[in-house]
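K.L.:
In terms of the working numbering, the sequence shown is numbered consecutively and its last residue is 381.
Handing you a structure now.
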Amino acid sequence: MNRLFDEASCTTTAAPSARVEQARVRRLGHRGEDFSLFAPLHYEANYAYPLVVWLHNEGGDQRQLARVMPLVSMRNYVGLAVRGPEACETGGYAWPQTTDGIAAAEQRICDAIDKAGERYHIHDQRIYLAGYEAGGTMAYRVALRNPQRFSAAVSLGGPFPEGETPLAKLAQLRKFPLLLAHCRDSQSYPVEQVCRELMLFHAAGLAVTLRQYPCGDELTTQMLTDLDVWLMEQVTGQAVREQLATAEQPSDWN
């Protein structure tokens, strides 16, 4: 399992260079803009693309998009990364889980989505919010506050948000798709906490897919590959893994 981000940091290891060199990551607006955009290879203006909105971990920023999206997919989505609203003393940015911090994050994400729609043809019913660690927690919070705008939410190593009533719109959230990727040996997000959250998900009637990985607090290439498969299942409404398995079977198996 290849590690993309080192534990407890936003430092990136080298992703496959050929794929990164092909990625078209653009910073729009004036210098210092708080978001980045990723254009898929062979972009077709007449096709409405799904949009993946990426939220970085604490200490990271929107430039993570250049590493993440090529490892999710070079072709399937337009990518958008948004910078957290609060600067960290040690560098990078954070997603404060306060009333003001949540409001600032929500506004920043929605504004960036609008700007992305001005540049690329985006399917407004296929907007997926995903994040890493603290970014995953904020992805859950913002998506659950705006189920009419987002089609699903993904947290890679980020716990379910606490406080500020994350399930205030519970009646609209039945079967809202959530993906949770958990690091089995995580020190910041232990298995016991995941088990408590699963009981909450069950009681609330949320549609949660849980995947656990044999690693510590880190983001791996396998997680991003699985993210692509799960997202395509949401886009197509079909089980992509089952389709692939069927396609690979010898003809005499049918």
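Backbone N, C-alpha and C define an ideal beta-carbon position, used for all residues, glycine too.
The model shown is predicted, which means the values in this text are computed figures rather than measured ones.
Could you give the first and the last residue of the continuous alpha helix (DSSP H) run that contains residue 120?
P.N.:
Nothing in the structure corresponds to residue 120, since the chain is present only between 128 and 381.
K.L.:
Under 6 Å Cβ to Cβ from residue 233, same chain only, skipping five residues before and after it: list those, please.
P.N.:
For this step, residue 233 is matched to residue 106 along the sequence shown. So the list reads 269, once near-sequence residues are dropped.
K.L.:
Is it right to say residue 304 is buried, meaning 16 or more other beta carbons lie within 10 angstroms of its own, or is it exposed?
P.N.:
The count along the sequence shown starts at 1 and reaches residue 304 at position 177. Looking at its Cβ environment, which holds 16 or more other Cβ atoms inside 10 Å, residue 304 is buried.
K.L.:
In terms of residue numbering, what span does the alpha helix (DSSP H) encompassing residue 352 cover?
P.N.:
As a working mapping, residue 352 is identified with position 225 in the sequence shown. Start and end: 348-363.
K.L.:
For a test of the three-state rule: what should DSSP assign to residue 197, helix, strand or coil?
P.N.:
Residue numbering aside, residue 197 sits at position 70 when the sequence shown is read from its first letter. Reduced to three states, the DSSP call for residue 197 is helix.
K.L.:
Say whether chain B places a C-beta atom closer than 8 Å to the C-beta of residue 312.
P.N.:
As a matter of chain content, chain B is missing from the structure shown, which is built from one protein chain.
K.L.:
Should residue 230 go down as buried or exposed, given a rule of 16 or more other Cβ atoms within 10 Å for buried?
P.N.:
What you label residue 230 is simply residue 103 of the sequence shown in a count that begins at 1. Looking at its Cβ environment, which holds fewer than 16 other Cβ atoms inside 10 Å, residue 230 is exposed.
K.L.:
Does the Cβ-Cβ distance between residue 281 and residue 297 come in under 8 Å?
P.N.:
Indexing the sequence shown from 1 puts residue 281 at position 154. Indexing the sequence shown from 1 puts residue 297 at position 170. Going by C-beta atoms, residue 281 is not nearer than 8 Å to residue 297.
K.L.:
Assuming residue 267 is part of the alpha helix (DSSP H), what are its boundary residues?
P.N.:
Here the question's residue 267 lines up with position 140 in the sequence shown. Start and end: 261-272.
K.L.:
Of the residues 130, 354, 365, 364, which one's Cα is nearest the Cα of residue 256?
P.N.:
Mapped onto the sequence shown, residue 256 falls at position 129. Measuring from the Cα of residue 256, the nearest candidate turns out to be 354.
K.L.:
Considering only residues of the region 181-237, which uninterrupted alpha helix (DSSP H) runs meet the minimum length of 4 residues and lie entirely inside it, listed in chain order?
P.N.:
192-199
K.L.:
Work out the CA separation of residue 253 and residue 365 for me, nearest whole Å.
P.N.:
On the sequence shown, residue 365 is found 238 positions in, with the first residue counted as 1. On the sequence shown, residue 253 is found 126 positions in, with the first residue counted as 1. Distance between the alpha carbons of residue 365 and residue 253: 15 Å.
K.L.:
Look at the alpha carbon of residue 204 and the alpha carbon of residue 227, and state the distance between them as a whole number of angstroms.
P.N.:
Stepping through the sequence shown from its first residue, residue 204 is reached at position 77. Stepping through the sequence shown from its first residue, residue 227 is reached at position 100. So the alpha carbons of these two residues sit roughly 31 Å apart.
K.L.:
Return helix, strand or coil for residue 253, following the three-state DSSP convention.
P.N.:
Taking the first residue of the sequence shown as 1, we reach residue 253 at position 126. Strand.
K.L.:
Excluding five sequence neighbours on each side, which residues of the same chain lie with their C-beta closer than 8 Å to the C-beta of residue 202?
P.N.:
On the sequence shown, position 75 is the one that residue 202 refers to. Closer than 8 Å at the Cβ level, and outside the excluded window around residue 202, lie 167, 168, 169.
K.L.:
Hey, could you find the ends of the beta strand (DSSP E) residue 315 is sitting in?
P.N.:
Translated into positions along the sequence shown, residue 315 becomes position 188. Per DSSP, residue 315 belongs to no beta strand (DSSP E) and is neither H nor E.
K.L.:
Is it true that the CB of residue 271 sits closer than 8 Å to the CB of residue 293?
P.N.:
Position 166 of the sequence shown, counted from the first residue, corresponds to residue 293. Position 144 of the sequence shown, counted from the first residue, corresponds to residue 271. Cβ atoms of residue 293 and residue 271: closer than 8 Å.
K.L.:
Could you spell out the range, first to last residue, of the beta strand (DSSP E) harbouring residue 338?
P.N.:
As a working mapping, residue 338 is identified with position 211 in the sequence shown. Start and end: 334-340.
K.L.:
Who are residue 282's beta bridge partners in DSSP?
P.N.:
Numbered from its first residue, the sequence shown carries residue 282 at position 155. The partner list for residue 282 (beta bridge, DSSP) reads 258, 307.
K.L.:
By the 10 Å Cβ neighbour count, where 16 or more other Cβ atoms means buried, how is residue 341 classified, buried or exposed?
P.N.:
Counting from one through the sequence shown, the residue named residue 341 turns up at place 214. Result: exposed.
K.L.:
Drop a sphere of 10 angstroms on the beta-carbon of residue 347, count the other beta-carbons inside from all chains shown, and report buried for 16 or more, exposed for fewer.
P.N.:
Walking along the sequence shown from the start, residue 347 turns up at place 220. Buried, by the Cβ-count rule.
K.L.:
Within this structure, are the beta carbons of residue 206 and residue 196 separated by less than 8 Å?
P.N.:
Residue mapping note: residue 206 aligns to position 79 of the sequence shown, counting from 1. Residue mapping note: residue 196 aligns to position 69 of the sequence shown, counting from 1. Yes, the Cβ-Cβ distance between residue 206 and residue 196 is below 8 Å.
K.L.:
Go through its chain and collect everything with a Cβ distance to residue 332's Cβ below 6 Å, but skip five positions before and after it.
P.N.:
Counting from one through the sequence shown, the residue named residue 332 turns up at place 205. Closer than 6 Å at Cβ, skipping near neighbours: 301.
K.L.:
Taking the straight line between their C-alpha atoms, what separation do you get for residue 212 and residue 279?
P.N.:
Along the sequence shown, one-based indexing puts residue 212 at 85. Along the sequence shown, one-based indexing puts residue 279 at 152. Near 22 Å, if we compare the C-alpha coordinates of residue 279 and residue 212.
K.L.:
Among 349, 317, 283, which one has its Cα closest to the Cα of residue 335?
P.N.:
Taking the sequence shown and counting its residues from 1, one reaches residue 335 at position 208. Residue 283 is the option with its Cα nearest to residue 335.
K.L.:
Determine the direct distance from the alpha carbon of residue 182 to that of residue 235, and round the result to whole angstroms.
P.N.:
Residue mapping note: residue 235 aligns to position 108 of the sequence shown, counting from 1. Residue mapping note: residue 182 aligns to position 55 of the sequence shown, counting from 1. Their backbone Cα atoms lie some 11 Å apart in a straight line.
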